[in-house]
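Per UniProt numbering, the sequence shown starts with residue 1, numbered consecutively. Even glycine gets a Cβ: it sits at the ideal position worked out from N, Cα and C.
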Amino acid sequence: MQVIGGQALFFLVLIFVIGNTGLYALGVQLAKQDAWIALLLAMFSSYILLWIYVKLQNYYPEDNLAQIIIKITGKWLGYSLILLYSAYFFYISLLNLSMYTEFIQVYLIQGVAKSVISFLLIFNFTYLIFSGVEVIARVSELITPFIIFAIVIVYILVFSSGAVDFKRLQPVLSNGIQPIIEVTIPELIIFPFGDLVLFLMFWKYVNDKKSIFKISFWGMTIAGLIITFAVIIILAVLGVNLAIRAYVPNMLVSQMIQIKWLANIDVIIVLIILLLGFYKMVPFFYGSVAIVATGFKFDNKVFISILYGLLLLIFSYAPFTGFPFHRWINSFGPRIERFMEYMHVLFQMIIPTILLVVTWLKKSELFKK
1 MQVIGGQALF FLVLIFVIGN TGLYALGVQL AKQDAWIALL LAMFSSYILL WIYVKLQNYY
61 PEDNLAQIII KITGKWLGYS LILLYSAYFF YISLLNLSMY TEFIQVYLIQ GVAKSVISFL
121 LIFNFTYLIF SGVEVIARVS ELITPFIIFA IVIVYILVFS SGAVDFKRLQ PVLSNGIQPI
181 IEVTIPELII FPFGDLVLFL MFWKYVNDKK SIFKISFWGM TIAGLIITFA VIIILAVLGV
241 NLAIRAYVPN MLVSQMIQIK WLANIDVIIV LIILLLGFYK MVPFFYGSVA IVATGFKFDN
301 KVFISILYGL LLLIFSYAPF TGFPFHRWIN SFGPRIERFM EYMHVLFQMI IPTILLVVTW
361 LKKSELFKK
């Protein structure tokens with residue numbers, strides 16, 4: 001039987017929440033130099049979501065999201081929700097795959113075909129899925145300390161280079177509280193903190209069910225503080241305008257390190273971003289496969305994994321993924337962007353809350369009478 005220990009869960013949550021945030025300067029476009037305040041506000045607000053997810057898991061400790069949905073809603077509505085969640089998890093893994101393929105092409109191995117990079121990425125995280133959730137968690141337990149150590153070293157070098165100027169974060173609240181609220185709700189709550197809804201596919205494997213909230217809380221909190229500090233450094237090094245325009249702000253930050261005896265520091269940044277992004281893709285891809293395999297009781301999970309892997313490879317060429325898609329969406333203005341956010345709100349906030357409320361009603365004495 002697959003089992004996830006407390007330490008493995010902590011590192012898995014930590015690396016998952018940080019995930020692909022290294023590609024962005026989160027919240028800067030709206031909140032400007034106050035983006036770090038918006039991130040902290042989003043993290044504190046997300047504790048409510050985490051409580052909802054864990055509370056739902058506590059009512060069904062030996063079930064994953066697919067099994068929970070069927071027990072609460074019944075088969076017919078449950079099957080529809082399972083397919084929708086599978087498509088949602090699949091889309092996020094697809095979006096990440098496309099973005100990281102482009103990132104690798106630009107910063108690591110120029111000239112290599114997109115199909116080759118996509119295939120290698122899909123092959124690697126499909127192999128991890130075959131190995132099971134315990135292996136996924138244990139690998140995160142091994143690599144996360146090295147990633148954190150590398151991040152610390154990079155930031156020490158950034159400070160040593162003299163590129164950091166905290167005056168670029170001033171004036172604080174120059175545009176008032178409204179831009180902070182606008183970017184926090186729901187944008188920064190959705191990403192990266194609301195993504196933890198996926199862990200309803202993992203928590204059933206944790207050996208100590210009583211510690212799930214505590215461990216996940218601290219994993220999410222430390223990840224949130226690391227992301228917030230990263231945005232502070234981006235702003236302190238690049239300033240607001242350059243941070244908004246930069247393709248990958250953290251790469252530009254690494255290029256600001258001017259130390260004579262040290263060269264090619266950006267390679268370390270590339271590897272950190274890749275490892276973090278890999279652990280955003282793997283859990284979401286696992287979730288998209290496992291929720292269908294469990295919900296519909298497919299015995300041949302290998303076939304489903306390979307099928308989803310092929311679909312991922314095919315759809316990675318679709319025009320609705322990657323950085324160009326995000327730029328195209330943003331060109332239509334805030335209305336279209338809000339529409340995309342509502343999709344995440346539905347799966348991360350509305351459906352889990354409804355499932356929890358229905359569970360309460362089913363277990364209440366009034367409902368039983």
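Compute the distance between the beta-carbons of residue i and residue j, then report whether it is under 8 Å.
i, j, result
"LEU238", "VAL248", "no"
"SER316", "SER118", "yes"
"ILE233", "VAL164", "yes"
"ASN207", "VAL3", "yes"
"LEU49", "PHE193", "yes"
"PRO283", "LEU198", "yes"
"ILE185", "GLN57", "no"
"ILE92", "SER305", "no"
"LEU235", "LEU169", "yes"
"LEU121", "TYR100", "yes"
"GLN7", "GLU141", "yes"
"ILE136", "TYR286", "yes"
"residue 370", "VAL231", "Given a span of 1 to 369 for the chain in the structure shown, any question on residue 370 remains unanswerable."
"LEU196", "MET220", "yes"
"ILE251", "ILE269", "Sequence inspection shows Met at residue 251; the Ile mentioned does not correspond to that position. Against a cut-off of 8 Å, the Cβ pair of ILE269 and MET251 comes out as a contact."
"LEU94", "THR228", "no"
Answer with buried or exposed for residue i, where buried requires no fewer than 16 other C-beta atoms within 10 angstroms of its C-beta.
i, result
"VAL240", "buried"
"ASP34", "buried"
"residue 400", "Absent from the structure is residue 400, since the part of the chain shown begins at 1 and ends at 369."
"MET43", "buried"
"TYR88", "buried"
"PRO352", "buried"
"SER364", "exposed"
"LYS280", "buried"
"LEU361", "exposed"
"SER174", "exposed"
"LYS32", "buried"
"VAL133", "buried"
"VAL139", "buried"
"ILE314", "exposed"
"ILE257", "buried"
"ASP299", "exposed"
"SER46", "buried"
"TYR127", "exposed"
"GLY176", "exposed"
"SER131", "exposed"
"ILE18", "buried"
"LEU77", "exposed"
"LEU310", "exposed"
Report, in whole angstroms, the separation of the C-beta atoms of residue i and residue j, which I expect to be a contact under 8 Å.
i, j, result
"ILE226", "VAL28", "At roughly 17 Å, the Cβ-Cβ gap does not stay under 8 Å, so ILE226 and VAL28 are not in contact."
"PHE10", "TRP218", "7 Å"
"ILE180", "ILE37", "6 Å"
"VAL292", "ILE104", "VAL292 to ILE104, Cβ: 28 Å. No contact."
"VAL183", "LEU30", "4 Å"
"SER216", "VAL54", "7 Å"
"LYS71", "ASP63", "7 Å"
If you compare alpha carbons, which of the options is closest to residue i?
i, options, result
"ILE354", "ILE69, ASN96, ALA38 and THR126", "ILE69"
"GLU102", "LEU310, SER115 and TYR91", "SER115"
"PHE79", "ILE109, THR294 and LYS55", "Here residue 79 is Tyr; the residue named in the question, Phe, does not match the sequence. Checking every option, the nearest Cα to that of TYR79 belongs to THR294."
"ILE189", "ASN20, GLY5, THR73 and MET349", "MET349"
"ILE143", "ALA25, LEU26 and ILE15", "ILE15"
"TYR342", "GLN258, PHE191, THR73 and ILE156", "PHE191"
"LEU346", "ALA246, ILE215 and GLU187", "GLU187"
"PHE296", "SER161, ALA66 and GLY176", "ALA66"
"ASN124", "LEU196, TYR59, LEU97 and VAL106", "LEU97"
"LYS107", "LEU271, ALA290, VAL302 and ASP63", "According to the sequence as given, residue 107 is Tyr; it is not Lys. The residue with the shortest Cα to Cα distance from TYR107 is LEU271."
"GLN178", "GLY162, ASN20 and LEU41", "LEU41"
"ILE265", "LEU311, LEU242 and SER161", "SER161"
"PHE90", "ALA290, VAL302, PHE303 and GLY19", "ALA290"
"LYS214", "ASN20, HIS344 and TRP51", "TRP51"
"LEU312", "HIS344, THR21, GLY5 and SER86", "SER86"
"HIS344", "TYR59, LEU84, ALA246 and GLN110", "LEU84"
Below 8 Å, can you find three or more Cβ-Cβ pairs linking the region 266 to 286 to the region 144 to 163?
-> Verdict: yes, contact present.
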